[in-house]
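Structure, as structure tokens:
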Amino acid sequence: MYNELDSILNVPVRLAIVSALIKVKQADFKHLMEITKTTQGNLSHQIKKLSEAEYIEVEKTYKGNYPQTICKLTAKGEKAFEQYVETIKKYLHL
520 MYNELDSILN
530 VPVRLAIVSA
540 LIKVKQADFK
550 HLMEITKTTQ
560 GNLSHQIKKL
570 SEAEYIEVEK
580 TYKGNYPQTI
590 CKLTAKGEKA
600 FEQYVETIKK
610 YLHL
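Those letters in the sequence shown? Residues 520 to 613, per our numbering, in order.
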């Protein structure tokens, strides 16, 4: 009756990242830091996990002389998020 929750998205910071990217399609590291309220190290680690799962694409560029990391949601990530939400709804009997 119940599906297993996606282990990649079942981590609060990762879920927050993907939830933000669903709305804006892409965001830079600074914006994701503000949303997740986590440390730089933890955010970097969670972005790496999402990238390895192919849920997001990470683009490293420069803005002026400063490095900039931009994250974009992939089609696979969007589908995984939608499935995660549907699974949660089933758990809550919605």
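All residues carry an ideal CB built from backbone N, CA and C; glycine is no exception.
Proximity of residue i and residue j at Cβ, strictly below 8 Å
i: residue 590; j: residue 577; result: yes
i: residue 535; j: residue 566; result: no
i: residue 593; j: residue 579; result: no
i: residue 602; j: residue 525; result: yes
i: residue 599; j: residue 540; result: no
With 16 other Cβ atoms within 10 Å as the buried cut-off, status of residue i
i: residue 596; result: buried
i: residue 585; result: exposed
i: residue 575; result: buried
i: residue 532; result: buried
i: residue 543; result: exposed
Cβ-heavy atom distance, residue i to the ligand SAM, below 7 Å
i: residue 532; result: Looking at this structure, you won't find the ligand SAM or any other ligand, since it has none at all.
Three-state class that DSSP yields for residue i in the structure shown
i: residue 568; result: helix
i: residue 608; result: helix
i: residue 529; result: coil
i: residue 555; result: helix
Rounded distance between the beta-carbons of residue j and residue i, thought under 8 Å
i: residue 551; j: residue 562; result: 6 Å
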